[in-house]
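Only one structure is covered here, and it is reproduced in the block below.
2 protein chains.
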Amino acid sequence: MTTSSLESLGPFRQLSEGSRALLRRGAVLAECGPPAPILQPGTSISGAYFVVRGRLRVYAVAPDGTEATLYFINPGETCVFALNSLFNDLRYPAWVQADADTTVALIPGGVYRELFQKEPSIQDVTVRALSTLVFRLMEELEEVHAYKLDQRLANLLLIHASAAGELAMTQQQMAAHLGTTREVVARLMRDFVARGFVETGRGVTRVKNADGLAGLIATPT
Amino acid sequence: MTTSSLESLGPFRQLSEGSRALLRRGAVLAECGPPAPILQPGTSISGAYFVVRGRLRVYAVAPDGTEATLYFINPGETCVFALNSLFNDLRYPAWVQADADTTVALIPGGVYRELFQKEPSIQDVTVRALSTLVFRLMEELEEVHAYKLDQRLANLLLIHASAAGELAMTQQQMAAHLGTTREVVARLMRDFVARGFVETGRGVTRVKNADGLAGLIATPT
DNA sequence: ACCGCTGTGTAGCTTTTGGTACAGACTCCG
DNA sequence: CGGAGTCTGTACCAAAAGCTACACAGCGGT
Numbered sequence: 017m018t019t020s021s022l023e024s025l026g027p028f029r030q031l032s033e034g035s036r037a038l039l040r041r042g043a044v045l046a047e048c049g050p051p052a053p054i055l056q057p058g059t060s061i062s063g064a065y066f067v068v069r070g071r072l073r074v075y076a077v078a079p080d081g082t083e084a085t086l087y088f089i090n091p092g093e094t095c096v097f098a099l100n101s102l103f104n105d106l107r108y109p110a111w112v113q114a115d116a117d118t119t120v121a122l123i124p125g126g127v128y129r130e131l132f133q134k135e136p137s138i139q140d141v142t143v144r145a146l147s148t149l150v151f152r153l154m155e156e157l158e159e160v161h162a163y164k165l166d167q168r169l170a171n172l173l174l175i176h177a178s179a180a181g182e183l184a185m186t187q188q189q190m191a192a193h194l195g196t197t198r199e200v201v202a203r204l205m206r207d208f209v210a211r212g213f214v215e216t217g218r219g220v221t222r223v224k225n226a227d228g229l230a231g232l233i234a235t236p237t
Numbered sequence: 017m018t019t020s021s022l023e024s025l026g027p028f029r030q031l032s033e034g035s036r037a038l039l040r041r042g043a044v045l046a047e048c049g050p051p052a053p054i055l056q057p058g059t060s061i062s063g064a065y066f067v068v069r070g071r072l073r074v075y076a077v078a079p080d081g082t083e084a085t086l087y088f089i090n091p092g093e094t095c096v097f098a099l100n101s102l103f104n105d106l107r108y109p110a111w112v113q114a115d116a117d118t119t120v121a122l123i124p125g126g127v128y129r130e131l132f133q134k135e136p137s138i139q140d141v142t143v144r145a146l147s148t149l150v151f152r153l154m155e156e157l158e159e160v161h162a163y164k165l166d167q168r169l170a171n172l173l174l175i176h177a178s179a180a181g182e183l184a185m186t187q188q189q190m191a192a193h194l195g196t197t198r199e200v201v202a203r204l205m206r207d208f209v210a211r212g213f214v215e216t217g218r219g220v221t222r223v224k225n226a227d228g229l230a231g232l233i234a235t236p237t
């Protein structure tokens with residue numbers, strides 16, 4: 017994978033020749049091996065991030081150390097937090113962690129701003145990325161307010177399970193995602209198991225009755 | 017106040033003559049008297065909203081009827097939720113309520129899109145508005161996760177109190193803002209009063225010891 | 001086989017928050 | 001001044017979630 021292959025990706029396909037050259041000279045690809053924090057609050061953003069492969073997880077950390085996922089950035093999406101800081105001169109307010117085997121393209125701030133001015137497709141992708149993020153954040157905020165933990169856990173299982181109904185996450189990871197503790201997840205899981213909704217294993221949870229979980233979300237309590 | 021006065025506001029000041037004419041023909045001003053919901057989830061957005069005077073409150077409503085404020089839109093700010101739906105064809109996912117004496121300019125979708133394409137200043141204000149919103153939402157999400165209700169209430173009092181330390185809100189409104197119930201707010205208030213942090217009155221709360229409240233936020237429990 | 005590490009299962013207690021119910025106080029208005 | 005409507009104060013109970021502590025199971029390495 018080289019930086020020139022960036023040009024064949026999503027929003028960069030329709031660029032003018034000049035912009036392509038600009039991108040080729042300026043962009044840098046970064047590979048992330050094992051999951052590791054790559055950005056911390058207050059980091060001054062030096063460019064726009066574009067997820068080529070893998071996934072980024074943006075999360076908050078409370079004073080007591082517990083985490084909570086704010087949102088994910090999937091392949092083909094621009095990492096908008098960077099745009100945020102890029103256009104508004106705000107310091108980045110959260111943590112970012114890359115999944116295993118993630119590739120990120122870093123487009124320096126100056127280059128991005130130039131592209132944004134010249135290229136309608138970049139303007140478009142920028143606004144769309146921001147809009148999508150706003151949407152996700154509003155959804156998340158609404159979920160936190162409106163649903164109890166068991167419903168949010170059920171939702172997590174339904175959303176992130178593979179086609180085969182498997183979810184390869186430890187309970188600790190689920191807890192961090194939901195902003196709670198492992199014990200609470202284990203307690204809820206025990207309940208789900210008792211009701212025949214899921215089976216638990218080491219590092220994996222299998223969904224046996226998706227309708228049951230879905231019903232849990234729909235009905236109160 | 018006429019629509020032509022819009023042109024003297026913020027981002028519209030630098031427009032070309034053609035764009036001004038476009039705006040003059042297309043934009044509509046709406047006055048909102050008493051506080052009332054003006055948008056509901058699923059509403060299809062027909063344009064971009066721009067707050068001229070007053071304030072908009074964007075909030076979520078849980079199935080059980082309790083509300084929670086997601087964010088405010090202040091005078092001079094574009095109502096980005098509209099942009100969101102405008103550029104992404106997403107249905108609007110929350111409720112919007114206008115404060116008393118609020119004036120909103122409605123710029124039809126087609127007009128706004130045309131302005132966005134032609135005018136760098138509109139591109140700029142759009143991206144900035146979205147960025148700011150992303151920032152606010154992330155902050156809010158983080159606050160909900162990291163702080164307990166007493167801390168969030170203390171924060172509300174500190175942030176929204178006037179220079180004289182007065183906050184003209186009923187406890188019911190505070191509760192809706194924080195996504196909880198009036199009784200809980202009353203209980204926390206009793207505690208604040210006992211500690212000498214505030215004085216309560218009908219429809220108004222006076223901050224007597226801002227440092228005390230601030231200390232509450234800083235220290236755990 | 002043994003050890004250490006990581007992950008899960010469980011119990012019991014505490015704190016926080018929500019729900020219900022009602023009393024009293026203030027305000028506007030006729 | 002009286003009454004309706006709105007706002008606040010409070011007591012009590014229930015539910016949800018967090019905290020601590022510990023047992024045990026799987027897995028990999030030596």
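So the sequences go chain by chain: A and B. Under the numbering used here, think of the first position of the first sequence as 17, with each following residue one higher. Under the numbering used here, think of the first position of the second sequence as 17, with each following residue one higher. Positions of the beta carbon are idealized from the N, C-alpha and C atoms, including for glycine. Since this is a predicted model, take the numbers as computed values, not measurements.
query: Start and end of the beta strand (DSSP E) containing E83 (chain A)?
result: Locating residue 83 (chain A) in the first sequence gives position 67, counting from the first residue. Counting along the chain, the beta strand (DSSP E) containing E83 (chain A) begins and ends at E83 to I89.
- prompt: Closest Cβ-Cβ distance between P109 (chain B) and chain A: below 7 Å?
  reply: Counting from 1 along the second sequence, the entry for residue 109 (chain B) is found at position 93. Judged by the 7 Å Cβ criterion, P109 (chain B) is in contact with chain A.
- request: Take the Cβ of T235 (chain A) as the centre, count every other Cβ of all protein chains shown within 10 Å, and call the residue buried at 16 or more, exposed below.
  value: The residue labelled residue 235 (chain A) in the question sits at position 219 within the first sequence. T235 (chain A) comes out exposed.
field: Cβ distance (whole Å) where L157 (chain A) is taken to contact L172 (chain B) below 8 Å
entry: Numbered from its first residue, the first sequence carries residue 157 (chain A) at position 141. Numbered from its first residue, the second sequence carries residue 172 (chain B) at position 156. Not really, about 16 Å apart at Cβ, beyond 8 Å.
task: For M154 (chain B), return the contacting residues in chain A, with the cut-off set at a CB-CB distance below 7 Å.
output: The count along the second sequence starts at 1 and reaches residue 154 (chain B) at position 138. Per Cβ cutoff of 7 Å: L86, P109, A110 and L153.
- prompt: Rounded to whole angstroms, how far is the Cβ of V120 (chain B) from the Cβ of P91 (chain B), which I believe are closer than 8 Å?
  reply: In the second sequence, counting from the first residue as 1, residue 120 (chain B) sits at position 104. In the second sequence, counting from the first residue as 1, residue 91 (chain B) sits at position 75. Contact flag wrong, Cβ pair sits at about 10 Å.
query: What is the C-beta distance between L153 (chain A) and M154 (chain B), in whole angstroms, given that I count them as a contact (C-beta under 8 Å)?
result: On the first sequence, residue 153 (chain A) is found 137 positions in, with the first residue counted as 1. On the second sequence, residue 154 (chain B) is found 138 positions in, with the first residue counted as 1. Right, their Cβ atoms sit about 7 Å apart.
- request: List the residues of chain A that G195 (chain B) touches, going by C-beta distances under 8 Å, in chain order.
  value: Mapped onto the second sequence, residue 195 (chain B) falls at position 179. By Cβ distance, chain A contributes H161.
field: Secondary structure of R73 (chain B), DSSP reduced to three states
entry: The residue labelled residue 73 (chain B) in the question sits at position 57 within the second sequence. If DSSP states are grouped into helix, strand and coil, R73 (chain B) belongs with the strands.
message: Any contact between the stretch 123-138 of chain B and the stretch 70-88 of chain A? By contact I mean 3 or more CB pairs, one from each, below 8 Å.
response: no
- prompt: Along chain B, in chain order, which residues have C-beta atoms closer than 7 Å to that of L149 (chain A)?
  reply: On the first sequence, position 133 is the one that residue 149 (chain A) refers to. Those are V150, listed as they occur along chain B.
query: Is it buried or exposed for Q188 (chain A), if we count other Cβ within 10 angstroms and need 16 for buried?
result: Position 172 of the first sequence, counted from the first residue, corresponds to residue 188 (chain A). With fewer than 16 Cβ atoms within 10 Å of its Cβ, Q188 (chain A) is classed as exposed.
query: Which ranges does the alpha helix (DSSP H) cover as unbroken runs of at least 4 residues, wholly within the stretch 135-194 of chain B, from first to last along the chain?
result: 136-162, 165-176 and 187-194
task: Determine, using beta carbons only, whether R222 (chain B) and G181 (chain B) come nearer to each other than 7 Å.
output: As a first step, residue 222 (chain B) is located in the second sequence; it is residue number 206 there, counting from the start. As a first step, residue 181 (chain B) is located in the second sequence; it is residue number 165 there, counting from the start. Yes, these two residues count as a Cβ contact at 7 Å.
- prompt: So, is the C-beta of A230 (chain B) closer than 7 Å to a C-beta in chain A?
  reply: For the purposes of this step, residue 230 (chain B) is taken as residue 214 along the second sequence, with counting starting at 1. No, its Cβ sits nowhere closer than 7 Å to a Cβ of chain A.
query: For Q139 (chain A), which residues in chain B fall below 7 Å Cβ to Cβ?
result: As a working note, residue 139 (chain A) is residue 123 in the first sequence. Going along chain B in sequence order, the residues near Q139 (chain A) (Cβ under 7 Å) are Q139.
- request: Just confirm the distance between the C-beta atoms of A84 (chain B) and H161 (chain A), as a whole number of angstroms; I'd bet it's less than 8 Å.
  value: As a first step, residue 84 (chain B) is located in the second sequence; it is residue number 68 there, counting from the start. As a first step, residue 161 (chain A) is located in the first sequence; it is residue number 145 there, counting from the start. Their Cβ separation, rounded to whole angstroms, is 4 Å, which keeps A84 (chain B) and H161 (chain A) in contact under 8 Å.
query: Apart from the five residues just before and just after F66 (chain B), which ones in its own chain have a Cβ nearer than 6 Å to its Cβ?
result: The residue you call residue 66 (chain B) lines up with position 50 of the second sequence. Hits under 6 Å: T94 and A121.
task: Anything in chain B within Cβ reach of A78 (chain A), meaning under 7 Å, just list it in chain order.
output: What you label residue 78 (chain A) is simply residue 62 of the first sequence in a count that begins at 1. Correct list: H161 and A162.
- request: Compare the C-beta of E93 (chain B) against all C-beta atoms of chain A and say whether one is closer than 7 Å.
  value: As a working note, residue 93 (chain B) is residue 77 in the second sequence. For E93 (chain B), the answer is no, since every Cβ of chain A falls outside 7 Å of its Cβ.
message: So, at 7 Å on beta carbons, what are the nonlocal neighbours of L232 (chain A) in its own chain, with the 5 sequence-adjacent residues on each side left out?
response: Indexing the first sequence from 1 puts residue 232 (chain A) at position 216. Correct list, in chain order: D166, Q167 and A170.
- prompt: Is R144 (chain A) near Q113 (chain A), with beta carbons less than 7 Å apart?
  reply: On the first sequence, residue 144 (chain A) is found 128 positions in, with the first residue counted as 1. On the first sequence, residue 113 (chain A) is found 97 positions in, with the first residue counted as 1. Not closer than 7 Å, so no.
- prompt: At a CB-CB cut-off below 7 Å, which residues of chain B make contact with N72 (chain A)?
  reply: Counting from one through the first sequence, the residue named residue 72 (chain A) turns up at place 56. Here residue 72 (chain A) turns out to be Leu, not Asn, going by the sequence shown. Within 7 Å Cβ-Cβ: nothing; L72 (chain A) doesn't reach chain B, min ~14 Å.
- prompt: First and last residue of the beta strand (DSSP E) that includes L122 (chain B)?
  reply: As a first step, residue 122 (chain B) must be located in the second sequence, where it is residue number 106. T118 to P124 is the span of the beta strand (DSSP E), which, as asked, contains L122 (chain B).
field: Contact with chain B by L131 (chain A), beta-carbon distance below 7 Å
entry: Taking the first sequence and counting its residues from 1, the one referred to as residue 131 (chain A) is at position 115. Not one chain B Cβ lies under 7 Å of L131 (chain A).
message: Which residue wins for smallest C-alpha separation from T39 (chain A), given the options A:R129, A:V201, A:I89 and A:Y108?
response: Along the first sequence, read from residue 1 onward, the residue named residue 39 (chain A) stands at position 23. It is Leu, not Thr, that sits at residue 39 (chain A) in the sequence shown. Checking every option, the nearest Cα to that of L39 (chain A) belongs to A:R129.
message: Less than 7 Å between C-beta atoms, sequence neighbours within five positions excluded: which residues of the same chain meet that for I216 (chain A)?
response: Here residue 216 (chain A) refers to the residue found at position 200 when the first sequence is read from its first residue. It should be noted that the sequence gives Thr, not Ile, for residue 216 (chain A). For T216 (chain A), where only same-chain residues beyond five positions count, the Cβ hits under 7 Å are M205 and V209.
query: If you measure beta-carbon to beta-carbon, which residues of the stretch 182-212 of chain A are closer than 7 Å to chain B?
result: G195
- request: Give me the Cβ distance between T118 (chain B) and G70 (chain B), rounded to the nearest whole Å; I'm assuming they're in contact under 8 Å.
  value: Translated into positions along the second sequence, residue 118 (chain B) becomes position 102. Translated into positions along the second sequence, residue 70 (chain B) becomes position 54. Indeed they touch by this definition, with Cβ atoms about 3 Å apart.
message: For a cutoff of 7 Å on Cβ pairs, would you count E158 (chain A) as touching chain B?
response: Counting from one through the first sequence, the residue named residue 158 (chain A) turns up at place 142. Yes, E158 (chain A) lies at the interface with chain B (some Cβ there is under 7 Å from its Cβ).
- request: Please go through the same chain and pick out, in chain order, the residues whose beta-carbon is closer than 7 Å to the beta-carbon of P27 (chain B), but skip the five residues on each side of it.
  value: Residue numbering aside, residue 27 (chain B) sits at position 11 when the second sequence is read from its first letter. Excluding residues within five positions, the ones whose Cβ falls inside 7 Å are S137, I138 and V141.
Straight-line Cα distance separating G195 (chain B) from L174 (chain B): As a first step, residue 174 (chain B) must be located in the second sequence, where it is residue number 158. As a first step, residue 195 (chain B) must be located in the second sequence, where it is residue number 179. If you take the alpha carbons of L174 (chain B) and G195 (chain B), they lie about 18 Å apart.
message: Between A:M190, A:S35, A:D115 and A:Y108, which has its C-alpha nearest A46 (chain A)'s C-alpha?
response: Here residue 46 (chain A) is taken as the residue at index 30 of the first sequence, counted from 1. Per the Cα distances, A:D115.
- prompt: Between L146 (chain A) and S32 (chain B), which are expected to be in contact by the criterion C-beta below 8 Å, what is the C-beta distance as a whole number of angstroms?
  reply: In the first sequence, the residue the question calls residue 146 (chain A) occupies position 130. In the second sequence, the residue the question calls residue 32 (chain B) occupies position 16. Not quite, the Cβ-Cβ distance comes to about 25 Å (not below 8 Å), so this is no contact.
message: Quick check: the Cα distance between V214 (chain B) and K164 (chain B), rounded to an integer number of angstroms?
response: Within the second sequence, numbered from 1, the residue matching residue 214 (chain B) stands at position 198. Within the second sequence, numbered from 1, the residue matching residue 164 (chain B) stands at position 148. Between V214 (chain B) and K164 (chain B), the C-alpha separation is close to 19 Å.
- prompt: Whose Cβ in chain A lies nearer than 8 Å to the Cβ of L165 (chain B)?
  reply: The residue you call residue 165 (chain B) lines up with position 149 of the second sequence. The premise fails here: L165 (chain B) is roughly 13 Å from chain A at the closest Cβ pair, so nothing lies under 8 Å.
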